[in-house]
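Residue numbers (my numbering): 434 to 659.
Take a look at the structure below.
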Ligand code: DX5
Ligand code: ZN
């Protein structure tokens, strides 16, 4: 893997930022070492919360060159893929439970020229990703129930990282594994096999640089022949 022995990529979730100062918040975390910016989009339907949409991605696009990592927690995301692509998303991640035809959705994201990610709720079996895994750029493992920041980390989800890694290896397919929910200085100790760490409350409720650097430098585990 190209990520072997490197640091984690850290993607602060702006869900925990001060929305009244969103530009300064994004610039501050980028300055503090953020690799990506994670944008949580919720529709009040797939999850019981409502957040932001493509206009906010469009507004953020010119202020930073770091990848915008858009996590769509919305029912039938196909309706909005073009809007999020045009707004300047780099990664577009959808939920397998929300897609009538997950493979068609992944292909549409690629047709729009974007990296495609697939996520799943904690209660969803990891096998639900196998039919699309070979075409994904990213798998987003949820370690909280999607919908809100600041929840407790679900340790029982960690094994999904290993299962995705194993399956991707069998398929000889390279992808990034991202973990989202309750990630902090303690829980990162369980995430050595991941590539990208999303962190909302941990970053925005502490010293940005210290939090981001702590995550980036946490120990990664990799097989030497990866
Ligand atoms: C939850 C979102 C997360 C959330 C993470 O539905 O997908 O990205 O912002 O927040 P923390 O890091 O506070 O758990
Ligand atoms: Zn998220």
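Where a beta carbon is used, it is the ideal one built from N, C-alpha and C, also for glycine.
The structure displayed is predicted, hence computed values, not measured ones.
For residue i, collect the residues of the same chain with a Cβ closer than 6 Å to its Cβ; drop the 5 residues on either side in sequence, then sort them by chain order.
i, result
"residue 449", "582, 633, 634, 637"
"residue 573", "526, 550, 552, 611, 613"
"residue 644", "635, 636"
Applying the 10 Å Cβ sphere with the 16-neighbour rule, what's the burial state of residue i?
i, result
"residue 495", "exposed"
"residue 535", "buried"
"residue 510", "buried"
"residue 464", "exposed"
"residue 554", "buried"
"residue 473", "buried"
"residue 502", "buried"
"residue 456", "exposed"
"residue 648", "buried"
Considering just the uninterrupted stretch of the beta strand (DSSP E) at residue i, what are its terminal residues?
i, result
"residue 526", "524-528"
"residue 455", "Per DSSP, residue 455 belongs to no beta strand (DSSP E); it is in the alpha helix (DSSP H), 455-464."
"residue 543", "Here residue 543 belongs to no beta strand (DSSP E); instead the alpha helix (DSSP H) covers 535-544."
"residue 547", "Careful: residue 547 lies outside any beta strand (DSSP E) and carries neither H nor E."
By the DSSP assignment, the alpha helix (DSSP H) with residue i in it spans what residues?
i, result
"residue 634", "634-637"
"residue 448", "Element bounds for residue 448: n/a, residue is neither H nor E."
"residue 645", "641-649"
"residue 594", "592-603"
State yes or no: is the C-beta of residue i within less than 9 Å of the C-beta of residue j?
i, j, result
"residue 445", "residue 631", "yes"
"residue 470", "residue 493", "yes"
"residue 627", "residue 611", "yes"
"residue 453", "residue 499", "no"
"residue 570", "residue 608", "yes"
"residue 565", "residue 539", "yes"
"residue 620", "residue 654", "no"
So, for residue i: in the same chain, excluding its five sequence neighbours on each side, which residues have a beta-carbon less than 7 Å away from its beta-carbon?
i, result
"residue 579", "480, 506, 554"
"residue 490", "472, 501, 503, 517, 520, 521, 522"
"residue 600", "563, 566"
For residue i, collect the residues of the same chain with a Cβ closer than 8 Å to its Cβ; drop the 5 residues on either side in sequence, then sort them by chain order.
i, result
"residue 541", "511, 514"
"residue 497", "459, 460, 463, 470"
Contact criterion: CB-CB distance below 9 Å. Does residue i meet it with respect to chain B?
i, result
"residue 504", "Looking at the structure shown, chain B is missing, and only one protein chain is on hand."
Beta carbon shell of the ligand ZN at less than 6 Å from a heavy atom: 446, 471, 473, 504, 613, 631
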